[in-house]
Amino acid sequence: MTTQHDLLVVGAGLAGLYTTIHAERAGLDVLGLEAGDDVGGTWYWNRYPGARCDVESIDYSFSFDDELQREWRWTERYATQPEILRYLNHVADRFDVRRHYRFGQRLSAASWDEGLQHWEVRTETGLTATARWLVMATGGLSKPQLPDLPGRDTFAGTVLQTSAWPEGPVDLRGRRVAVIGTGSSGVQAIPLLAEQASELTVYQRSANYSVPAFNRPIDDEEWAQQQRALPRRRELSWNGAAGSPWTSHPVPFAETGEEERRAVFEESWTRGGVLFAKAFQGLTVDPVINDAARLFFEEKLAERVHDPEVRATLTPRDHPVGTKRICTDSGYYETFNAPHVTLVDLRTEPLAEVTPTGIRTAARHREHDVIVYATGFDAMTGALTAIDIRGREGRSLREDWSGFPSTYLGIGLPGYPNLLVLNGPGSPSVLSNMALTSEQQGDLALRMIAHCRDRGFTSIEARADAAEAWTAHSLELADRTLFGSAPSWYTGANIAGKARGFLPYIGGFKAYIDRCEEVAAAGFRGFVLS
Ligand code: N01
Numbered sequence: 000m001t002t003q004h005d006l007l008v009v010g011a012g013l014a015g016l017y018t019t020i021h022a023e024r025a026g027l028d029v030l031g032l033e034a035g036d037d038v039g040g041t042w043y044w045n046r047y048p049g050a051r052c053d054v055e056s057i058d059y060s061f062s063f064d065d066e067l068q069r070e071w072r073w074t075e076r077y078a079t080q081p082e083i084l085r086y087l088n089h090v091a092d093r094f095d096v097r098r099h100y101r102f103g104q105r106l107s108a109a110s111w112d113e114g115l116q117h118w119e120v121r122t123e124t125g126l127t128a129t130a131r132w133l134v135m136a137t138g139g140l141s142k143p144q145l146p147d148l149p150g151r152d153t154f155a156g157t158v159l160q161t162s163a164w165p166e167g168p169v170d171l172r173g174r175r176v177a178v179i180g181t182g183s184s185g186v187q188a189i190p191l192l193a194e195q196a197s198e199l200t201v202y203q204r205s206a207n208y209s210v211p212a213f214n215r216p217i218d219d220e221e222w223a224q225q226q227r228a229l230p231r232r233r234e235l236s237w238n239g240a241a242g243s244p245w246t247s248h249p250v251p252f253a254e255t256g257e258e259e260r261r262a263v264f265e266e267s268w269t270r271g272g273v274l275f276a277k278a279f280q281g282l283t284v285d286p287v288i289n290d291a292a293r294l295f296f297e298e299k300l301a302e303r304v305h306d307p308e309v310r311a312t313l314t315p316r317d318h319p320v321g322t323k324r325i326c327t328d329s330g331y332y333e334t335f336n337a338p339h340v341t342l343v344d345l346r347t348e349p350l351a352e353v354t355p356t357g358i359r360t361a362a363r364h365r366e367h368d369v370i371v372y373a374t375g376f377d378a379m380t381g382a383l384t385a386i387d388i389r390g391r392e393g394r395s396l397r398e399d400w401s402g403f404p405s406t407y408l409g410i411g412l413p414g415y416p417n418l419l420v421l422n423g424p425g426s427p428s429v430l431s432n433m434a435l436t437s438e439q440q441g442d443l444a445l446r447m448i449a450h451c452r453d454r455g456f457t458s459i460e461a462r463a464d465a466a467e468a469w470t471a472h473s474l475e476l477a478d479r480t481l482f483g484s485a486p487s488w489y490t491g492a493n494i495a496g497k498a499r500g501f502l503p504y505i506g507g508f509k510a511y512i513d514r515c516e517e518v519a520a521a522g523f524r525g526f527v528l529s
C-alpha cells in the first residue's frame with residue numbers, strides 16, 4: 000500500500016534527524032526512510048577501529064536545544080564513532096523521532112508527478128510512498144567506492160571496508176592484514192589495525208597530509224569551562240567560515256617575521272588536525288604561505304618517522320597543504336616505525352592484481368589473510384545519482400548530473416520541483432561543521448515549505464538561470480584558491496569518468512547563510528513558486 004505524507008525525509012543522519020524533528024514541530028506529516036537499520040548516518044556505517052570526528056565534540060553537536068546541549072556530556076576532545084552514535088541515538092530517543100522512520104529502506108527511485116504535484120518514491124524492498132515534498136538528507140560521503148581492481152573478487156580471505164565495517168568485534172590478532180587507501184579513514188584505522196595484526200601492509204597511492212589530533216579526555220574542570228564558554232563558542236561558529244570557533248592568526252603572513260611564523264604554525268599544529276590549514280589567512284590560496292606550511296609539516300614528519308625512505312614515501316607530493324582534507328590522526332606516522340608494518344608505494348610499484356591469497360604489485364606478490372578497503376566515496380553526488388530520480392517531464396538526475404551538478408544554493412535543482420537537497424553540491428557542507436550546516440539546511444528546507452503552504456503554492460523550483468549563476472559563482476570562488484590543483488574527492492577526481500569541478504561552496508558558512516537569508520527575505524528569489 001502506498002502511504003501519503005506531506006514530507007518524505009531520506010536519511011537519518013544529522014540532517015535527516017534534525018529535519019524530521021522540526022517537520023513534526025511544524026505540523027507536517029513526515030515519513031523518514033533510512034537505508035540503515037537505525038539512526039546515525041555516517042556514524043552508523045563507519046564503525047572501523049579508530050573512527051572519530053575531526054571536529055571537536057563540543058562543536059559537533061546540535062545547538063537547537065539548550066537542555067540537550069547541557070545534558071550530553073562528551074568524554075573526549077574528539078569523539079569516537081561509538082560515542083557520536085550514542086549521542087545520535089540519545090537525540091532520537093529524546094525527541095521520539097524513530098516513530099517517523101522506516102529503517103532498512105534504501106531508496107531506489109523517486110519521480111515527480113506534475114498532475115498530482117507530489118513525489119512518489121520506491122525503496123529497494125518495494126515500499127512506496129508519496130509526499131508533496133522530498134528532502135534528501137543522504138549525506139555527502141555515503142556512497143562508498145570500491146575500486147575495480149583486477150581479481151578483486153577472487154580473494155579467499157576476509158574482505159573489510161571501512162565504510163561498511165561489521166557491527167560485531169573483528170578479531171585481527173595474528174593475521175596478515177593489507178590496507179588499501181590512506182585518506183582520513185585509512186589514516187585513522189591503520190594504527191589500531193597495527194596493534195592487532197601480526198603483519199600490516201599499507202598500500203599507498205598518494206601520501207596525504209596528516210596532523211595529530213592531540214586528542215584527550217575532557218575532565219570535569221574542562222567540561223565546566225567548555226559549558227561556560229559554549230554560548231560564545233556557538234556564536235563564533237555560526238558567524239565563522241567553517242562552523243567552528245577557530246580563526247586564523249590575525250596578522251597577515253607577509254607581515255610576520257620568521258619567529259612569529261613558527262609560533263603560529265606550532266600553535267595551529269597543536270590545535271590538531273584540519274585546524275592546521277587555518278594557521279594563516281590565505282594558506283590554501285597563496286602558494287608562498289602554503290609552502291611555508293609544507294616545510295613546517297615536513298619538519299614534523301621527520302620527527303615522527305625514523306626511516307628516511309619510508310618518510311620520503313609518506314611525504315605528500317601531489318597537492319598543496321589543506322587542498323585535500325587534512326587527516327586527523329592518533330599515531331599514524333609512528334605506526335610505520337614498527338617492524339611488522341610495511342608501506343608499499345603504489346607509485347613506484349603499481350598494484351597489478353588481487354589474487355586468492357594476497358596482492359600482486361609490479362614488483363612482487365604479498366600474502367594476506369585480510370584486505371581492508373579504505374578507498375573513499377563517490378562524494379556529494381554519488382548518493383543521489385544512485386537513485387533513479389525523475390523530475391519534471393521524466394528528466395533524469397543521473398543524466399543531468401553526468402556533467403557537473405548545477406544547483407541553486409545547493410538545495411534547489413532546476414527541473415526537480417519540491418526536491419530539496421540538504422548539504423548538496425554548491426553548499427558549504429563538508430567544508431563546514433556538519434552539525435550546524437545540517438541545522439541551517441533543515442531550517443531552510445522547512446522555511447521553503449512553510450512559505451509555499453502559507454501562500455497556497457504547491458511547488459517551488461530553482462530557476463535554471465539562478466542555478467547556473469550560483470554554480471558559476473561557487474566554481475569561480477574555488478578557482479581563486481589552490482584547491483583545484485588537488486586530485487581530490489572535492490573535485491570528483493577520485494571517481495573515473497566523473498565530471499570535474501569543485502563540489503562544495505567555498506565562500507564560507509556565514510557568507511552562505513547570509514545569501515540564503517537574502518534569498519528568503521526576497522520571497523525566495525531565484526525560485527519559481529506555483
Ligand atoms: O576517503 P579518501 P576516506 N588503488 O577518498 C585510495 C571524511 N572522513 O574515506 O589519494 C589504490 O580521502 C586513495 O588514493 P588517492 C573526510 O572528509 C573524515 O579516507 O586517490 N588506492 C586514498 O588514499 C575525508 O576526506 C574522518 O591516490 C586507492 C584513499 O583510497 C572523507 O571522509 C574520517 C584506489 C581514499 O581516501 C573521505 O575519507 C574518515 C585504488 N584503486 C573520513 N582508490 C574524520 O577524521 C582509492 N584509493 C572525521
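According to numbering that gives the first Met the number 0, the stretch in the sequence shown is residues 0 to 529, in order.
We put the CB at the ideal spot given by N, CA and C, even for glycine.
Check                                                                                                                                                                      : Outcome
Locate the alpha helix (DSSP H) running through Glu257, then write down its first and last residues.                                                                       : Glu257 to Arg270
Would you grab the beta carbon distance between Glu438 and Tyr43 for me? Rounded to a whole angstrom, and I think it's under 8 Å.                                          : Between Tyr43 and Glu438 the Cβ distance is about 19 Å, and since that is not below 8 Å, they are no contact.
Counting only runs of 3+ residues fully inside the stretch 447 to 519, write out the beta strand (DSSP E) ranges in chain order.                                           : 459 to 461
In angstroms, rounded to a whole number, what distance separates the CA positions of Thr74 and Gly39?                                                                      : 19 Å
Between Ala337 and the ligand N01, is the CB less than 7 Å from at least one heavy atom?                                                                                   : no
In chain order, what residues of the same chain lie with their CB nearer than 7 Å to the CB of Gln80, ignoring the 5 residues before and after it?                         : Trp42, Asn45, Arg46, Ala50 and Arg51
Quick one: what does DSSP say Gln280 is sitting in, helix, strand or coil?                                                                                                 : coil
On the premise that Cys326 lies in contact with Ser162, defined as a C-beta separation below 8 Å, what is that separation, rounded to the nearest angstrom?                : The pair is not a contact, with the Cβ atoms about 16 Å apart (cut-off 8 Å).
Extract the residue ranges of the beta strand (DSSP E) inside the stretch 133 to 209, only unbroken runs of 3 or more that lie entirely within it.                         : 157 to 160, 175 to 179 and 198 to 203
Sorry if obvious, but does the Cβ on Pro427 come closer than 7 Å to a heavy atom of the ligand N01?                                                                        : no
Any heavy atom of the ligand ATP within a distance shorter than 7 Å of the CB on Leu140?                                                                                   : Questions concerning the ligand ATP fall outside what the structure shown contains, since the ligands it does hold are the ligand N01.
Using 10 angstroms around the beta-carbon of His364, count the other beta-carbons present and answer buried if the total reaches 16, otherwise exposed.                    : exposed
Check whether the Cβ of Pro146 sits closer than 7 Å to any heavy atom of the ligand N01, and report yes or no.                                                             : yes
Report yes or no: do three or more beta-carbon pairs, one from the stretch 312 to 327 and one from the stretch 352 to 363, lie closer than 8 Å?                            : no
Taking Gly402 as the reference, give the member of Gly393, Leu421 and Gly381 with the closest Cα.                                                                          : Gly381
How many angstroms separate the CA atom of Ala510 from the CA atom of Gly103?                                                                                              : 37 Å
Would you check if the stretch 298 to 312 and the stretch 322 to 342 touch, i.e. whether three or more CB-CB distances between them fall below 8 Å?                        : yes
Tell me whether Phe102 counts as near the ligand N01, meaning its Cβ is closer than 7 Å to at least one heavy atom of that ligand.                                         : no
Return the first residue and the last residue of the alpha helix (DSSP H) that Phe295 is part of.                                                                          : Pro286 to Arg303
Given this structure, state the Cα-to-Cα distance separating Gln440 from Lys497, to the nearest angstrom.                                                                  : 26 Å
Whole angstroms are fine: how far does the CA of Glu33 sit from the CA of Asp218?                                                                                          : 36 Å
So, using beta-carbon positions, are Asp504 and Gly375 closer together than 8 Å?                                                                                           : One detail in the question is off: residue 504 reads as Tyr in this sequence, not Asp. Their beta carbons are not under 8 Å apart, which means Tyr504 does not touch Gly375 by this criterion.
Buried or exposed for Leu294, please, with buried defined as at least 16 other CB atoms from any protein chain shown within 10 angstroms of its CB.                        : exposed
For Thr153 and Leu474, what's the separation of their Cα atoms in angstroms?                                                                                               : 42 Å
What does DSSP give as the partner residues of Cys326 in its beta bridges?                                                                                                 : Ser209
From His4 to Asp28, what distance separates their C-alpha atoms?                                                                                                           : 5 Å
How big is the Cα-Cα spacing for Ile189 and Tyr202?                                                                                                                        : 11 Å
Check this for me: beta carbons of Arg121 and Thr129, under 8 Å apart or not?                                                                                              : no
DSSP beta-bridge partners for His339?                                                                                                                                      : None; His339 has no bridge partner.
How about Gly31 and Gly15: are their beta carbons less than 8 Å apart?                                                                                                     : yes
Alpha carbon to alpha carbon, what distance is there between Leu481 and Leu199?                                                                                            : 34 Å
Within the same chain, show all residues whose beta-carbon is closer than 8 Å to that of Gly551, passing over the 5 residues directly before and after it, in chain order. : This structure cannot settle anything about residue 551, because the visible part of the chain is limited to 0 through 529.
Helix or strand or just coil, what does DSSP make of Trp245?                                                                                                               : coil
Within 10 Å of its beta-carbon, does His117 have 16 or more other beta-carbons around it, so buried, or fewer, so exposed?                                                 : buried
Does the contact criterion of 3 or more C-beta pairs under 8 Å hold for the stretch 274 to 283 versus the stretch 307 to 315?                                              : no
Do Asn432 and the ligand N01 come close, with the Cβ less than 7 Å from some heavy atom?                                                                                   : no
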